[in-house]
Amino acid sequence: MKFPAIAVAATALFAAPAFADGHATGDAAEGENVFKKCRSCHMIVADDGTEIQKGGRTGPNLYGIYQRVPGSVEDYRYGDSLASISEEGLMPDGWVEEEFVVYVADPKAWLETKVEGNARSKMSYKLRDEQEAKDIWAYLVSVGPAPES
Ligand code: HEC
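When the letters of the sequence shown are read in order and numbered with mature numbering (1 follows the signal peptide of the UniProt record, and there is no 0), they come out as residues -20 to -1, 1 to 129.
Here's what the structure looks like:
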């Protein structure tokens, strides 16, 4: 069973190394702070409706992004390129830190490495600071469901 990690969020700061083992190299506490940059377009809302971060609806909910297949939030209308990654099963193992960091630095450039033809991205924002991207990743992992592996 996947259980929400919200209950342990308070202790996650102290448990970060074990929690993040193999999944995240950044600092979750820093990442929570840097997430400000994403909030205008992205919320983090758990499957049970718990609002971890209120945010805009321009982009998809980022809850449980770790190992989630890119372009796979059901009620979100992705651009064709990102949607095709899930439709064509191009990344069955889903989002991992290395892909995430490259994606947020330049979503269109990342899509060009994944899909045929002209890639288009609905996300125009670029987070070039690699450490900030890793910190946000660590934060997203820490507030997501407990990893299955
Ligand atoms: C101006 C609005 C905007 C901002 C700011 C923004 N994003 Fe996005 N994001 C989007 C949109 C729109 C999409 C959908 C892209 C598509 O369909 O091509 C997206 C998609 C994503 C995805 C892919 C999700 C999935 O379901 O596969 C990730 C990961 C992501 N954004 C992370 C971030 C992070 C981290 C930040 C902050 C550093 C951020 N975004 C800031 C608009 C934004």
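From the three backbone atoms N, C-alpha and C, an ideal C-beta is built for every residue, glycine too.
- For residue 45, no beta strand (DSSP E) run applies, since DSSP gives it neither H nor E.
- For residue 31, the uninterrupted beta strand (DSSP E) run begins and ends at 31 to 33, by DSSP.
- Around the beta carbon of residue 104, fewer than 16 other beta carbons sit within 10 angstroms, so the residue counts as exposed.
- One thing to note: residue 66 has its Cβ no nearer than 9 Å to the Cβ of residue 95.
- Per DSSP, the unbroken alpha helix (DSSP H) holding residue 63 starts and ends at 60 to 67.
- At a cut-off of 8 Å, the beta-carbon of residue 23 does not count as near ligand 1: no heavy atom of the ligand is closer than that.
- Bounds of any alpha helix (DSSP H) do not take in residue 107, whose DSSP letter is neither H nor E.
- Here residue 38 has 21 as same chain residues with Cβ atoms under 6 Å from its own Cβ, once five neighbours each way along the sequence are excluded.
- In the displayed model, residue 49 falls within coil according to three-state DSSP, outside both helix and strand.
- Taking every protein chain shown into account, the CB of residue 36 has fewer than 16 other CB atoms within 10 angstroms, so this residue is exposed.
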